[in-house]
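Some notes on the structure that comes next.
There are 6 protein chains.
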Amino acid sequence: MNKIITFGEVLMRISPLGNKKFIQANNVEFYFGGTEVNVGISIANFGGDVKHISCISNDFIGDTAISYLNKFDLDTSAIVRSGRPLGVYFLEVGAVMRPSKISYNRSHSSFSEILPEMVNWEKSLEQGKWFHWTGITPALCKGAKETLKEGLILAKEKGMIISADPTYRSALWKYGEEAKDVLTDLLQYSTIFIGGVNEINEVLGTSFGYSNDEFTEASKLLIEKFPNIEKVFDKIRTSINSSWHKIRARMWNGVEFKETQDLDITHVVDRIGTGDAFAAGLIHGLQKFDDYKAMEFGAAACAIKHTYLGDVNYANESDVISILEGNTSGRLNR
Amino acid sequence: MNKIITFGEVLMRISPLGNKKFIQANNVEFYFGGTEVNVGISIANFGGDVKHISCISNDFIGDTAISYLNKFDLDTSAIVRSGRPLGVYFLEVGAVMRPSKISYNRSHSSFSEILPEMVNWEKSLEQGKWFHWTGITPALCKGAKETLKEGLILAKEKGMIISADPTYRSALWKYGEEAKDVLTDLLQYSTIFIGGVNEINEVLGTSFGYSNDEFTEASKLLIEKFPNIEKVFDKIRTSINSSWHKIRARMWNGVEFKETQDLDITHVVDRIGTGDAFAAGLIHGLQKFDDYKAMEFGAAACAIKHTYLGDVNYANESDVISILEGNTSGRLNR
Amino acid sequence: MNKIITFGEVLMRISPLGNKKFIQANNVEFYFGGTEVNVGISIANFGGDVKHISCISNDFIGDTAISYLNKFDLDTSAIVRSGRPLGVYFLEVGAVMRPSKISYNRSHSSFSEILPEMVNWEKSLEQGKWFHWTGITPALCKGAKETLKEGLILAKEKGMIISADPTYRSALWKYGEEAKDVLTDLLQYSTIFIGGVNEINEVLGTSFGYSNDEFTEASKLLIEKFPNIEKVFDKIRTSINSSWHKIRARMWNGVEFKETQDLDITHVVDRIGTGDAFAAGLIHGLQKFDDYKAMEFGAAACAIKHTYLGDVNYANESDVISILEGNTSGRLNR
Amino acid sequence: MNKIITFGEVLMRISPLGNKKFIQANNVEFYFGGTEVNVGISIANFGGDVKHISCISNDFIGDTAISYLNKFDLDTSAIVRSGRPLGVYFLEVGAVMRPSKISYNRSHSSFSEILPEMVNWEKSLEQGKWFHWTGITPALCKGAKETLKEGLILAKEKGMIISADPTYRSALWKYGEEAKDVLTDLLQYSTIFIGGVNEINEVLGTSFGYSNDEFTEASKLLIEKFPNIEKVFDKIRTSINSSWHKIRARMWNGVEFKETQDLDITHVVDRIGTGDAFAAGLIHGLQKFDDYKAMEFGAAACAIKHTYLGDVNYANESDVISILEGNTSGRLNR
Amino acid sequence: MNKIITFGEVLMRISPLGNKKFIQANNVEFYFGGTEVNVGISIANFGGDVKHISCISNDFIGDTAISYLNKFDLDTSAIVRSGRPLGVYFLEVGAVMRPSKISYNRSHSSFSEILPEMVNWEKSLEQGKWFHWTGITPALCKGAKETLKEGLILAKEKGMIISADPTYRSALWKYGEEAKDVLTDLLQYSTIFIGGVNEINEVLGTSFGYSNDEFTEASKLLIEKFPNIEKVFDKIRTSINSSWHKIRARMWNGVEFKETQDLDITHVVDRIGTGDAFAAGLIHGLQKFDDYKAMEFGAAACAIKHTYLGDVNYANESDVISILEGNTSGRLNR
Amino acid sequence: MNKIITFGEVLMRISPLGNKKFIQANNVEFYFGGTEVNVGISIANFGGDVKHISCISNDFIGDTAISYLNKFDLDTSAIVRSGRPLGVYFLEVGAVMRPSKISYNRSHSSFSEILPEMVNWEKSLEQGKWFHWTGITPALCKGAKETLKEGLILAKEKGMIISADPTYRSALWKYGEEAKDVLTDLLQYSTIFIGGVNEINEVLGTSFGYSNDEFTEASKLLIEKFPNIEKVFDKIRTSINSSWHKIRARMWNGVEFKETQDLDITHVVDRIGTGDAFAAGLIHGLQKFDDYKAMEFGAAACAIKHTYLGDVNYANESDVISILEGNTSGRLNR
């Protein structure tokens, strides 16, 4: 009863080295990522026992993706294979006032073929303790949404903890259903809400502001409407520019509001997947610590992710604990 | 009246360096290619004035593709842009007895959106002398086939020379029409046939063998059925293994059969696009030389393409002429 | 009547990756640049129709240089070829308190052969709207100065706008004429002066200080001496160290003094060509906006150039406008 | 009952790219290998269920090594960790008449700490079907030899098939025992002998020659002395030079002598681990095919390994079968 | 009488590019370093005549190491060769709050074989002016300590200046002697002490704090106990995080306390060897300047080392002098 | 009396990796070379004590060049520095029937400034045993020729052995003197002639053919005309194509004609500097072996150079001896 389950698309990321644009490079690097698998890998790196469920192309690119997940010791036995190609995204990394840019090639990807009958949820959730989902999956296509919903229903039945990161991305949601309706439906099965006022406003149709007080009000209202939701955790990014961010987190856990100090990321290496690192740190933390320390663990996990290239967080548990203990001066570790 | 027109999909090729597989790399290189644009770029490198017509994604990848074509001084003014992503193919380069492997991501690419009304053929064929098409384009989707057909009709009206390389690839042709029917239709507008007995058999439904005599018989029959076709040129590859090929060419030009000597490619650098280099060399050669020398020029262009990385042939006219003059010993050129 | 004309040497830049020195590397990268062609490419990236005139080596390095310009869709048809090699500069990129170092190999380069009779100015300035020159060109050799002067005379006759960036570099000017005399002569044909008190002092033999008031006085005196000059634009760099700069701009447009806010470049990627990006942004801006917004556009163009590797500015118009609109926090652009 | 067990040192290989020497490079690549784990990974790539047992350093290099094994889906749960560093070998890859050179740093590596009490053989051999060992392991140190011997005794008890590749390398064997004595002891537990006349001569103290007849005589004598050994398989390499090899295999299976055709490897990419690929192919083949076809499978696996960079064989079962079916001309695989 | 003698282990450093971890890379770079040789190379770059004494592996890695020292024109004629492998360390470079990590493979390295009889000190110290040693060497093994001690005795006899950098690293000192005892013994021969309160406390068994006053008290006590020591120099690092440091230095030269301004290193490129750069700058400076300027030279040398990749300081004397003259704004050096 | 003296230009070579052209790359590698310094470095690698004399640019590129020579332990103390840039050559490496191409930038290089008064020949030839020169140096400029001549006169006076490799390259010799006259003059001082019938014909104005008989006749006539010349050695290359060469050598040593077997270089890695490797091997061999074995050593040195990237031969004496002993099958060297 200790398996963490993640479900979602695995994407290949292709980007030039450093701050180059595609137009000035012909050497590029590739990584694999995807919001849910990023969470899964990060939890595995913290020592969790993670199973990721997905639909991946049946070619050498798909083989490479699965091998990438195996590398982090994820359980990939429930992944199904598809004749369509793996989703790809191209990334140009910005700097200072230049934003990073992403171009997607995912709308007809292998994951877009997924259907409820392709996943044996009963078997997949064996030994399951925690199920994490995000708003990206139901935004992709109907099949993804319905497959997710079946999983959530069973996970709830089995008494698993269900965390939701309902990230709203308007460029998705093209298959004819409304984000608000779908997220409202899926949030019924969830116990931990990872998101801020934007996401609450999207789901409730409200217009709360960003202050701590309004966040608290919004969280209370969310819990009122979704009594299954117990706690709300929000990560806040302050961007000085593309290369310099600050991260803190705040929470309403049904009882009290708390927030962490800012962590100052003066030299961002790679910001992709940092929100996923927060979610992963939080999920891992909530299994070991109290709510506040879990949130601090999540914020520190998020912060340190900014120092790793690629979509996934390579930090292990002691790397993050060390930051919580105040070791942020980067003393050489011999 | 000296423009060479090519029309077809531009693909991004992504492959690890050397003989690595994706599973053992995270550094990869990208190039752009596509059978018709390969022909166009090669002709431009021989000094031709080439316009390529295509439909390319409206993002930074598409910008990079167009910039790649500009680099070779192709006229890209008639290219239209699409909201869909550029087609991609992934390549693992083999060696010796290990074959190279390709995995495509093109079925919903930007080019798949093309429709006849998106191309202003009248304007595009201004100053047009030669139109080259291949069997890949009509194999992709109905829109591509119909756009091509409109172009061919106008090109014929304008008295342009039309060369056809009806490469048959069974993995394509998924949109509901038969290759044989479509090719038969499109070959009506063509004057130069670049292909061998396989392609003739596919079009005529015959079963000629590979001997020179059968090739001549097949060519005669083809010309009988398609009186607009004047000449047939065939490139023959003998593969010792992935790293060692031999190339020769033969022709039936309505009057006589001729064939070239084998060119021995003892150390293949990159075989992608070598057939396109043959077509390009032939098209360029037919504008300057007699049929036999044009074929020799095509065969030498094909051979030297095996020494360039990427899909396109970087050889200029004098590089190829030098091979025709017997300079194949690779003497250092100071 | 919309061609922007730039004239000047194209150099090959060779530098190790990152902050390495040549002594510790054997992998290097090359780019092409040169102050005027940098301006030209940047304007082309903003959507301008640019023709660059130069003299480039007649070998595979020269072919590569021209192909580099074609990539950005510059009109390269007026470039002449020379038997001498292309100019080269070697760059070691510094960091923090370590300055970058440049070593030139340009004194006998292909451009040093240029003579007035090699450029057909009448044809080159067809459809010409704007002519941009810098003080580097007349500093190189007599032939370059005289070729430039012929171009300026004709450009003035044709009523073109002429912008001058009279950058003074004392290490050049070896061929026997005085910078002051030559620049004084060439400034007669110019309408826009891109430079600060250093350049004005060099031309007028004055010793104005750096304050805004002295800048204004200097500008007024310049315009008094050169009544053809209408406006003076000055870009100001504050360097905390090699890795952290601030940029602002100021102007005297004959009517009023204005200056922009500082743009803070906390993590410099590449500072080469940033002055050229200012000139390009200004020239582009003056064709679309009022003087102040044009200067702001130039300053933002300069700032964002610091985030691109190589000599040229890859930003397009909307990238720069976005900064003017205050989007400097580097929000991810999906 | 389908687990394949391999036991041995995992080494980090560090080598410059291509044919460079360390003295002329500062970019190098690393891989992991080791004769037994190479066999294990290759079998896993053929679809086998492989568990590798080893002792690996307890640092980030060791983490990377284990992650490398996980990537190929090996069972790494029985690997123990050591405070000593992982063994390393440095490789300079030769060409033509220049031999490759290896320099080892392994004598005080993490594996050198292994002792019988560190491996729980009972648990490790659960579900075990096949145990493969080589002469490298007992050559390293007494602890390795004794740990291996305990494993072999239990494997024999459990009725597992035991294959031995008694590679004799005189530079090892420094800890005070004689190769001949130790190998004689360990061969008692083995059923499949993978080696040629050199190895037989070393074990028996004989001096058979290389002819097929002498190989057969030697094999018969070996089986007479070690009645547990049932079959002898020998891979023969003919080296034209460092870049061009030929591979064939022969066997005496107690009943008949057979040999395969030569496979011609005209362009060697990487010869490290090719003997291990033969052993892996043979072990995999003996579980599915008759002896001759198993040997052919092994020889083809060995041959194709020469086309992959690194120590391990990336070929899957169908890649090898395709060679057995005569597809050695390297036809492009779309 | 102008030779600077350094004695100590030469290590090979292997690290992934940028901020990558080994687990996410297979491209790595190597450098050579070691605290004493870093000092030697840096002094050679300042123009000093340096001889480095060491014991280096007798293989192609050792050849590469010696060639690396030759590159900087060090006298390598006294280096002896060993059958053991060269020591290696693996480095993962951190960023912001992520510390860099080092894993060593040195305990049985070539240098660990060194014995007094292997070094001909009489010949090695010919023309010797200065001998520099550090606390790393006697911490490695008894042979290293005794070899060093013989050298120090002879150096003192010959009246050489002897500088000691008694860096205490608790992970070393495994061979059975106490750091305090050994360092106390070796400090008897030394005249310049390069270290702070940590090192003084370790040697004297005291517990001084970090204030300037306590540093002065500690230094006075040290000189009282070791009357041969004349001056104490201390470099102080303030780490904002892994990517942003500040450096200053302070001294008690027997007469007065002085300290330098902080040098702000806003973008650390590589912090390895920066302490060695301080020692080298100080040693070089004490031969040319007064104590305070020598210390300033050392601090500036330390600061600029943070901008060079690798273990050694590439700055020459004028690069450092330029910083002392206040040129820290990184103005481009054409 | 054991110094080998070489005198000539040091060039920087810049070339893309593998078989790429500049137009398709922006990553390039640099090396240093030059025909005489290649000979010097190769002899140093065989164990010789070599001093190279040259004139090198006084910038960081020149520093890098000198550091490159130091790396091989050449004596660089007699090198003078110049304000002009170091000569550069750009190389595109061909394959199969594609020849490699070189473009030079050397005509106004630092070496072109050399004058007799800049070299202190008396001091430079101290301990001199052998002086090697080539026909490239006197072809570059008058100063180079005269400096060389002064050196030769003194070398002859001192009784040194003088070897001449009068390589004739028609693209040089632009300064107004005839190759034939100059070479005739300089050959008076030489004792060993390294060249074939082409060079003899150039010097004598004859037209001997390539047969062994004609080579012998030509050599006899050469020695008749230049009685100081004692022996003639000729290396013969048979190029199947750019990637596959064969090398043999022949000699007339005043007494007998002899020739070696062909060495088959089936996979050429880099052919630049292979003639220099022959000269170096011969010069080294003539000091240790009889004429025939010296020639064999030279031919084997030449052959193995084809397997090293860059201009210089990395083989040491035992690497070459091993080939002479017949070890050309590339057996792995552990």
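Residue numbers (the UniProt record's numbering), protein chains in the order written: chain A, 1 to 334; chain B, 1 to 334; chain C, 1 to 334; chain D, 1 to 334; chain E, 1 to 334; chain F, 1 to 334.
Here a beta-carbon is modelled for each residue, glycine too, at the ideal position from N, C-alpha and C.
Asked	Found
Per DSSP, the bridge partner or partners of T238 of chain C	C:K246
Environment of E157 of chain C [buried if 16+ CB atoms lie within 10 Å]	exposed
Inter-stretch contact (C-beta, 8 angstroms, three-pair minimum) for the stretch 71-78 of chain E and the stretch 57-71 of chain F	yes
Proximal residues, the stretch 265-295 of chain A versus chain E, C-beta separation under 9 angstroms	I265, T266, H267, V268, V269, D270
For F111 of chain D and L152 of chain D, believed in contact at Cβ under 8 angstroms, the rounded distance	Their Cβ separation, rounded to whole angstroms, is 17 angstroms, which puts L152 of chain D and F111 of chain D out of contact at 8 angstroms.
Minimum Cβ-Cβ distance from A95 of chain F to chain B less than 7 angstroms	yes
Beta-carbon proximity of G143 of chain E to L172 of chain E, cut-off 7 angstroms	no
I192 of chain F to L222 of chain F span [Cα, whole Å]	11 angstroms
Of the residues E:R98, E:T266, E:E122, E:V182, the one placed nearest T328 of chain A, counting alpha carbons only	E:R98
First and last residue of the uninterrupted beta strand (DSSP E) at F32 of chain A	27-33
Cross-chain neighbours of Y314 of chain B in chain F, by beta carbon under 8 angstroms	K21, I23, Q24
Terminal residues of the alpha helix (DSSP H) in which N105 of chain C lies	From DSSP, N105 of chain C is part of no alpha helix (DSSP H) but of the beta strand (DSSP E) over 101-105.
Helix, strand or coil at G176 of chain E [DSSP, three-state]	coil
Under 7 angstroms by beta carbon: chain B residues contacting T64 of chain A	F22, I23
Under 8 angstroms by beta carbon: chain E residues contacting residue 341 of chain A	Shown here, chain A extends from 1 to 334; a query on residue 341 of chain A therefore has no answer.
Sequence-distant residues of its chain with Cβ nearer than 6 angstroms to S124 of chain E (five each side left out)	I53, A78
Cα-Cα separation, D59 of chain D to E199 of chain E	28 angstroms
Residue-chain proximity (F32 of chain E, chain D), Cβ-Cβ < 7 angstroms	no
Short Cβ contact (7 angstroms threshold) for F297 of chain E with G281 of chain E	yes
Identity of the residue in C:G83, C:G159, C:G176, C:L187 nearest L148 of chain C by Cα	C:L187
Extent of the continuous beta strand (DSSP E) run through L91 of chain B	88-92
N-terminal and C-terminal residue of the alpha helix (DSSP H) that T6 of chain C is part of	Here T6 of chain C belongs to no alpha helix (DSSP H); instead the beta strand (DSSP E) covers 3-7.
Inter-residue spacing [alpha-carbon to alpha-carbon] between V93 of chain A and S239 of chain A	15 angstroms
contact_flag[the stretch 20-29 of chain B, the stretch 248-265 of chain B] where n(CB pairs < 8 angstroms) is 3 or more	no
Alpha helix (DSSP H) runs contained entirely in the stretch 112-153 of chain F, provided each spans 4 or more residues	121-124, 136-140
Coarse secondary structure for L309 of chain D, derived from DSSP in three states	coil
Residues bridged to E259 of chain B (per DSSP)	B:R250
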